Structures are given as structure tokens and as C-alpha cells.
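Below you can see the structure in the form of C-alpha cells.
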């Protein structure tokens, strides 16, 4: 059968496919609803004209074009699912809007059986696939209602909060939506997430809920303004350390929770007051243990985040003292100095420089030579950019030279330093 050419005005400019549910932006450009909603979650502008679009903008359904497409599909594509999808989408949106409205009403009345049923129905829709999640996200105010319900029920109704968190996690909320929630009441949102992380019943569902809370906490802290991020609760760091240690039996959810905890520590410790809180919570020892247990290409990103957090923690006396006090702290960091990756090498060298400059007792200086850190610093200091491959930059090489000069007399004469490496020692 000869293929019929699709009229150009039936095609979505984003997906380049026949539109199932055409909607028009204020810029007068028409797109498929699911495609433009996905776009607007990431960029608040019209894809074609690049004109700004308000965050709460609801595209106008193009009923005339919708009827034309249905007629064309009935004539040329009688077996196509486009027609069925277009007929069902308005009903789906109306049903989801009613569910979100029920949540908004229950927000001020506290948890109720009807609201819990609405949450579970939304969770089932989100579990159906990408289209279900896009329909939920397209309902005006859905993300805000879900977040507010989660915050209100986290401490008094764990099942209610877990259902809300499940839907929130599946929607993968954009940064601007989380930023609005933080502006409304960031402390309450963080407190609700901490309460969820503290819950521990030992069930798989509970572990999955805490893993989702860890990921959302990492996303929330990443979009916080510096003034808010600098005053995070101490319990945030306690829970992040508990996730890193994996002592709460999270099973299959451990990997997701571990990466989220690393993101929290690496991001939050950019602020001075948080470094002391994290160090007092035991973050340094937990990060060192992670470096010792996790190795290889598969988890390189974890170790880079861990080294980033350690570098920032060594910006305070408590962090440096904890690293030196750990029996394998210096050696664990030194293992990533040479050849692992450019990011890992840069962070590891910076950590060793902090230790050599501010916490270098005689024992520490001897340990750095005996466990090979001085030799690796010599390799970094003497390295030259290779054609097509460079595992450390000039700034890292200069930091390595600076570190070696700090204790040159002790290290140059150390019997632990191989003669070949002594020849590489900077003057």
C-alpha cells in the first residue's frame, strides 16, 4: 500500500510525529501536549520562537486541528492508536485534575481516606509509563500539591507521605519547581525528608521510600540558595552518614541512596558551617571507608564525589583531624592521586595538600612517605601532558609541587622514597 504523506501542520515540531493532542502556546505555535509539557519542565521558553513562557502557562487545546488529524487518521491510518489516544487524553486529564484537587483540599484538613485513595490512584497512573507521568505533571499545581501533602504528612502519616513521595519521585521534578517549594518553606521540606530517612521498619517498601527521600533531599539541597544551604539541620548529615555506611538494611535501594548521600555531602560542605556539622556526624570516616571498599571504573563517580566532599571537609580543623585519625585515611586518598581520573586526581592532591599544610605531625609526614603518597605526588609533579590523553592539569601539578616543598627535607631523605622518584622530586 502506498505511503501517504503526512501534512506538515499535523506534525509536532518537537517529536516530528503526528500530534496526538495538539495544544497551542501563547506564541501561537502548536505542539503535541506531552512533548511541550516535557520541554517546559526543563526550559521556560517556546522551542521554535525562543520567547519566554510563564511557568504556570497552560497551553490551549487546538480542537480544530485535533478534529482534522482524527479525520485524516480515520481515512489513512485506521489501525493507528493516535485516534484512541486523542479521545482518551481529555478524560484522563480531567480525572487527574480531580485527583489533584482532592489532594489540595485535604492539605489543610489532614490525612483522610479519600486523599490516600487519590494518592494511590496517582501512583498507579505514574507507574503505567512515561505518558501517565507526563499527564500528571501537566495538571496545573500537581507538583506543588504533592510536595505540600508530603510535608504535612511526613511525621504523622508515614503511609500517606510514602505514597506522595512515590509519585513525586516518578515525576522527576525540574529544578525551578523544587526551588519554588524551597522558597515557600525549605526548612519544613528538609525536615519532612529527614523524618522519612529516620523511619526504619525493615521492609523493602520502607527502604525504597527512604532511598527516594535521599534522592529528593540531594535535589532540594542542590537548588538551595547559599544562605539556606549554609544552615541545614545537623540531622541531615547524620542521616547522610547512615546511608553511606549502609547500616540500615536498604538492600536493592542502597546504590541509589549512597549516591544521593554523596551528593548531599559534596554539595552542602561547600558552606563552612556545614563542614563542622558533617565532620561531627562522622562523615570523614564514612567517606574514607567508602573509598576503601569501592574501586574500579564502575563506581568512579562515587569516589569522585567522596573526594570532593573530603576536600571540602579538610577545609576545617575538625575534618582534617578526623582524616588523620583514621588509620587508612591518608592512604585511601593517596590511592586516587595518580592516573584514576583528572577530577579524582585533582581532589586527592588538594586533600593531601591540606593535610601537609595544616595537620602534618611527624607521624603524618612519615606515613605519607611510607604509604606511597609522596611517590605519587612526585609522579604528578613531574608529569607532562600526553598527546590525546591528559590525566591531570597544570594546576594539579603545581599543587603537587607545592605539597612536596612543604616537607622537602624529611621526604627527600626518606628511605621509603625510591631513588627513581627522588630524581623526580622538585627543587
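In the working numbering, the protein residues as written are 35 to 461.
Heads up, the beta-carbon is just placed ideally off N, CA and C, and yes, glycines get one too.
All of these numbers come straight from a predicted model, not from anything done at the bench.
Within a Cβ cutoff of 8 angstroms, which residues of the same chain sit near residue 47, ignoring the five residues on either side of it in sequence?
Excluding residues within five positions, the ones whose Cβ falls inside 8 angstroms are 63, 65, 81 and 82.
If you draw a straight line from the alpha carbon of residue 312 to that of residue 59, how long is it in whole angstroms?
47 angstroms
Beta strand (DSSP E) runs wholly inside the region 266 to 348, at least 3 long, in chain order
none
When DSSP labels each residue in this structure, what does residue 240 get in the three-state scheme?
helix
For residue 261, count neighbouring C-beta atoms within 10 Å of its own C-beta (all shown protein chains included) and say buried if the count is 16 or more, exposed if not.
exposed
Expected contact under 8 angstroms - CB spacing of residue 392 and residue 354 to nearest Å
6 angstroms
With burial defined as no fewer than 16 other Cβ atoms inside 10 Å of the residue's Cβ, what is the status of residue 42: buried or exposed?
exposed
Among residues of its own chain, excluding the 5 on either side of residue 345, which ones have a beta-carbon nearer than 6 angstroms to its beta-carbon?
381, 384 and 385
Hey, out of 379, 333 and 398, whose CA is closest to residue 362's CA?
398
8 angstroms Cβ cutoff met for residue 408 and residue 434
no
Would you mind giving the Cβ-Cβ distance between residue 390 and residue 441, rounded to the nearest angstrom? I have them listed as a contact below 8 angstroms.
6 angstroms
Spatial neighbours of residue 165 within its chain, please: CB distance less than 7 angstroms, with the 5 preceding and 5 following residues excluded, ordered by chain position.
68
Since residue 337 contacts residue 347 with CB under 8 angstroms, what's their CB separation in whole angstroms?
Between residue 347 and residue 337 the Cβ distance is about 15 angstroms, and since that is not below 8 angstroms, they are no contact.
Which ranges would you report for the alpha helix (DSSP H) in the region 177 to 209 if only whole runs of at least 4 residues count?
Taken in chain order, the complete alpha helix (DSSP H) segments of 4 residues or longer contained in the region 177 to 209 are 192 to 205.
Going by C-alpha to C-alpha distance, which of 100, 310, 450 and 295 sits closest to residue 55?
Of all alpha-carbon atoms in 100, 310, 450 and 295, the one lying nearest the alpha-carbon of residue 55 is that of 100.
Which listed residue (378, 315 and 181) has its alpha carbon closest to that of residue 342
378
Taking the alpha-carbon of residue 297 as reference, which of 322, 199, 254 and 183 has the nearest alpha-carbon?
254
Length of the line joining the Cα atoms of residue 288 and residue 172
Going by the C-alpha atoms only, they are around 31 angstroms apart.
For residue 216, tell me which candidate among 85, 266, 426 and 162 has the shortest Cα-Cα distance.
Ranked by Cα distance from residue 216, the first of 85, 266, 426 and 162 is 266.
Measuring alpha carbon to alpha carbon, tell me which residue in 134, 85, 53 and 137 is nearest residue 98.
53
Quick check: the Cα distance between residue 257 and residue 405, rounded to an integer number of angstroms?
Whole-angstrom Cα-Cα distance: 40 angstroms.
Could you give the distance in angstroms between the alpha-carbon of residue 431 and the alpha-carbon of residue 400?
22 angstroms
Helix, strand or coil: how does DSSP classify residue 224 here?
In the displayed model, residue 224 falls within a helix according to three-state DSSP.
If you drop the 5 nearest sequence neighbours on each side, which residues of the same chain put their C-beta closer than 7 angstroms to that of residue 231?
244, 247, 248 and 273
Inter-residue Cα distance where the pair is residue 93 and residue 252
31 angstroms
With 16 other CB atoms within 10 Å as the buried threshold, where does residue 240 fall?
Residue 240 comes out buried.
Based on the DSSP output, what are the partners of residue 79 in its beta bridges?
86
Excluding the five sequence neighbours on either side, which residues of its own chain have a C-beta within less than 8 angstroms of the C-beta of residue 169, listed in chain order?
68, 123, 126, 127, 130 and 159
Look up residue 173 in the DSSP assignment and say whether it is helix, strand or coil.
Note: residue 173 maps to coil in three-state DSSP.
In the DSSP output, which residue or residues are listed as bridge partners for residue 43?
BP columns for residue 43 are empty, so no partner.
Beta-carbon spacing of residue 188, residue 229 below 8 angstroms
yes
Determine the direct distance from the alpha carbon of residue 86 to that of residue 242, and round the result to whole angstroms.
38 angstroms
Can you tell which of 162, 184 and 194 has its C-alpha closest to the C-alpha of residue 148?
Selection 162, 184 and 194 evaluated against residue 148 yields 194 as nearest (Cα-Cα).
Let me know the secondary structure DSSP gives residue 449 once reduced to three states.
Coil at residue 449, not helix or strand.
Can you pull the DSSP bridge partners for residue 52?
45
Measure the alpha-carbon distance for residue 190 versus residue 184 and round it to whole angstroms.
Roughly 10 angstroms between the two C-alpha positions.
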